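Here our numbering is used: the first residue of the sequence shown is 7, the next is one more, and so on. The C-beta atom is built at its ideal place from N, Cα and C for all residues, glycine as well. The model shown is predicted, which means the values in this text are computed figures rather than measured ones.
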Amino acid sequence: MARRRALTMLTGLSETFAVLALVGFSVVALWLLARPKARMAVLMPAPRLLTLAAAATALWCAALAQFGPGSSQAFVVQTLRDLAMLGWLSATFWSPAAPMSRPLRLILRMLITIAALALVLGAVAHWYAGAEAEPWMAPTLILAAMIVAVGGLLIVDSGVRHAGAGLRMPVMAVAGGFAMLWAYELNVQLIGALTGKRAATLIQLLPAVALLTLPTYVVAAMDIGRERMRLSRTAATRTLILIGGAAYLIVIGLTGAIARVIGGDYAELAQAASLVVALGAGGLLIVSARVRAWLSVMITKHFFEHRYDYRTEWMRFTATLGQGANEDEGEEDRNLYRRVAKALAELTGSPGALLMLPTAGGRFAVAEQWHWPVDVDVGGDDRTLSLRSAFMLQETRHIVDLDTQRRGAGGGGHAAGDDLAIPDWLIADARAWVVVPILHFQRMIAVVVLHRPPVSRALDWEDLDVLRIAGQQAASYLAESQSQEALSEARRFDEFNRRFAFIMHDIKNLASQIGLLARNAERHADKPEFRADMVETLKISAGRLSDLLVRLAPRARGAAAEAGRVLIEPILNDIAAEARPRRALFVGCQAGLAAWADAASVRQIVQHLVANAIDASAPGSPVQVVAVSEHGRARIDVIDQGSGMTRAFIRDELFKPFVSTKDGGFGLGAFEALNIAQALGGAIDVESEPGQGSSFTLWLPLADAGIDAETPMKKVASQ
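Below you can see the structure in the form of structure tokens.
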């Protein structure tokens, strides 16, 4: 009773699925028919045949709902469905440009003939005999359906194999749906033929299986899946692991079942043996790196189209090369040369690598290593690549498989007979596997020697291409690093030359001052006052020369390194005293005026401005230096009545180095003065007119905010 009730429920469920499939395939057939022809032609080769297949499947589902699965009427309509499916397959996977092979074409014609005969005979028999034709017609229709199912599976397999990369994956999924339907029907009939009983439950589920194929029609007609879909390496590997685990469980179950059938204590023995084998295999995978490497090679070789997962490997390669940008990384990660060796080694599964760099003599010597055994003397004289070998690698650009060199044969990216002059120490070291030249615009800037992987293998075209491209990428990183080092060194030389140019400018001024003193000594040497003034001037000049030597030193501190409260008046008095042999300065300074600066820097700026004012003025022409506080700043004006400058010269050339209006001038005084003033947080302003003199104004931060313009000015005249 319960069995009959269950069968009734299953029949009702089958009818429901059949109706749903009828509605679904009818809607899909109408939708496909309404789709633009031009758009459908782009998506697949035979869109109208797919519409015909959907319509034929809808008719078959109607027969299932009306007569029930397994009925002879359903088998008659099924032949119509099979004819539509075979027509779509032949038109989709083969074309006049790539026709079907002759044996396969004969099989297709035979299947079409059998399906057509079954359709005609079945239709005629049921037309004339009705339900009475089912007992004697059903076996014939079942046999025809089985033959068509077997042949259809063969057509699907051949079509998928024949399909090129240009065929969209959703279109191939439709063929997979056909194969699933035929395989299910074939298994149902085979079970009935082998057991002598109808597989009633499986037959009733046939509409549900048909319903599962419906989405493939929809997806195939949509504008998706232009690229072939592939599992990632990670997903594929995990799927294989799951399949392996499932296979292990199945084997355990079958072993236990067989042992129980045999009887005795074999069941426990089989379970214990299986557990020991599983634990042993798992432990071997965990402990042995060689076994893991062998398994990885086998999986890659037999399950994947390419050896490398290029996207993943390239992301890891570039990430390894760029690790040094992180300040928190260790010293090893900040070493670019070691990172290059590591990146190339990890790319090929090599456990270590050596990196060789050019020496002063042109040879290549081992400069860095990554996980190479410690017996390699990094930087040793015996671990070098000769000039001849370096020239050969650079010219031929070969990636050298050292195993082929040891055998004396060609390969590894170079032709037989090429004498690359590989050094004996590399040939003798069996751990050395591959030599990769790192080339940047035809110039070899490094050489990487890869350690032999746990499972040794010969290089193929894919290895060579990957290593060649990776070497070019690594070369760009190395070349950029070397360019940065060269630029840094050039900047240090430039800084030294710049400092030396400023020193030369100051030495020129001192030489002029001492020369003037020597000329005056010829006329006034007998005057005690002049001798005292001369001694004082020489002391000042000697002190300035000592300061210049300190500034020339590589570790001289910056101008604003010791900023503090600086009184302006003593600095102006000292400058007036120094300038007395050349010109009398008229100095006026606001009492107590102090700037927030460095005394030596302020002195150097004002000295430059005063010297330029004296040089630009006629003999006897006055030069004034006035210092006051204004707008919360210390203002120092150096005023002359000399030749003056044009506004264009002030705007475009005054503060540029090596531009001067004086004969024999270096053009560095104003440039250096402005740089020092800006370093102190100040500025220099200029007002000048040709023939009317110039006024240079130095602005500095004021040290005492309480000083204002009402404070009386103290005037000092230097005679």
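Residue i burial status per 10 Å Cβ neighbour count (16 or more: buried)
i, result
"Trp133", "exposed"
"Val177", "buried"
"Ile682", "buried"
"Ile475", "exposed"
"Thr318", "exposed"
"Val372", "buried"
"Gly521", "exposed"
"Ile645", "buried"
"Leu112", "exposed"
"His404", "buried"
"Thr207", "exposed"
"Leu196", "exposed"
"Met235", "Summary for Met235: the model assigns pLDDT 47, below 50, so the residue's position carries little reliability, and this model does not support an answer."
"Gly367", "exposed"
"Ala216", "buried"
"Arg529", "exposed"
"Ala531", "exposed"
Backbone CA spacing between residue i and residue j [nearest angstrom]
i, j, result
"Lys348", "Gln479", "14 Å"
"Gln329", "Asn193", "57 Å"
"Gly355", "Phe23", "53 Å"
"Ile118", "Gly93", "9 Å"
"Ser395", "Pro429", "8 Å"
"Ser20", "Leu200", "24 Å"
"Gly417", "Thr410", "With a pLDDT of 45 at Gly417, under the threshold of 50, the modelled position of this residue cannot be trusted, and the question is left open."
"Arg232", "Gly30", "Any reading at Arg232 must be qualified, since the residue scores a pLDDT of 47, below 50, and its modelled position is unreliable; the value itself is stated next. Cα to Cα, the separation comes out at about 25 Å."
"Leu342", "Pro663", "38 Å"
"Ala527", "Met540", "8 Å"
"Ala585", "Phe661", "24 Å"
"Leu26", "Leu55", "22 Å"
"Arg174", "Phe447", "40 Å"
"Gly650", "Ala624", "12 Å"
"Pro213", "Pro75", "8 Å"
Residue i, enclosing beta strand (DSSP E) - first and last residue
i, result
"Gln630", "Val629 to Glu636"
"Glu693", "Ala689 to Ser694"
"Ala603", "Ala600 to Ala603"
Residue i, DSSP secondary structure in three states
i, result
"Val440", "strand"
"Val48", "helix"
"Pro364", "strand"
"Pro109", "helix"
"Glu374", "strand"
"Phe702", "strand"
"Gly626", "coil"
"Phe323", "helix"
"Leu391", "strand"
"Pro707", "strand"
"Phe661", "coil"
"Gln479", "helix"
"Leu445", "strand"
"Arg529", "helix"
"His404", "coil"
"Met450", "strand"
"Val455", "strand"
"Leu127", "helix"
"Gly570", "strand"
"Ala359", "strand"
Contact belief for residue i with residue j at Cβ below 8 Å, rounded distance in angstroms
i, j, result
"Gly648", "Ala622", "3 Å"
"Phe81", "Ile148", "7 Å"
"Gln608", "Ile620", "According to the sequence displayed, residue 608 carries Val and not Gln. Actually they do not touch by this definition, with Cβ atoms about 19 Å apart."
"Gly688", "Leu704", "7 Å"
"Val441", "Leu408", "7 Å"
"Gln400", "Met450", "4 Å"
Extent of the continuous alpha helix (DSSP H) to which residue i belongs
i, result
"Thr85", "Ser78 to Phe99"
"Asp643", "From DSSP, Asp643 is part of no alpha helix (DSSP H) but of the beta strand (DSSP E) over Arg639 to Asp646."
"Gln210", "Ala206 to Gln210"
"Arg413", "Leu408 to Arg413"
"Arg174", "Neither: Arg174 is in no alpha helix (DSSP H) and is coded neither H nor E."
"Arg589", "Premise fails: Arg589 is in no alpha helix (DSSP H) and is neither H nor E."
"Gly675", "Gly675 to Ala685"
"Arg54", "Pro53 to Phe73"
"Leu432", "Asp430 to Ala434"
"Gln345", "One detail in the question is off: residue 345 reads as Arg in this sequence, not Gln. Taken as a continuous stretch (DSSP letters only), the alpha helix (DSSP H) holding Arg345 covers Leu342 to Leu353."
Residue-level contact to chain D via CB, residue i, 8 Å cutoff
i, result
"Ala585", "Protein chains in the displayed structure number just one, and chain D is not present."
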